[in-house]
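If you count the sequence shown from 1, position 11 lands on 11 in this note's numbering, and the numbers rise without skipping. Notes follow the structure.
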Amino acid sequence: MTVPEVAARLGVSPSSVYRAITAGELVAVKLGKSVRVSVAVFEAFVNPQAAPSAEVA
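So this is what it looks like as structure tokens:
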């Protein structure tokens with residue numbers, strides 16, 4: 001998912017998503033000029049109780 005897609009789903013600005021990534025609250029991967037968040041990481045961020053106990057990278 002792109003940062004704007006994550007922002008739209010969370011109802012926040014893309015800047016807020018970038019801050020969460022910088023703070024280490026949300027794991028992202030940089031592919032060239034694009035920053036992506038996996039769907040599994042996004043789901044774990046949104047609903048931490050449902051996340052498996054293992055770290056998702």
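Glycine residues also receive a C-beta, built at the ideal position from the N, C-alpha and C atoms.
- Residue state for S38 is assigned as coil, using DSSP reduced to three classes.
- According to DSSP, residue pairing for V29 in a beta bridge involves R36.
- Distance check between L10 and each of I21, F42 and K33 places F42 closest, using alpha-carbon atoms only.
- A residue is called buried when at least 16 other Cβ atoms come within 10 angstroms of its Cβ; L26 meets this threshold and is buried.
- A direct Cα-Cα distance of roughly 18 Å separates K33 from A7.
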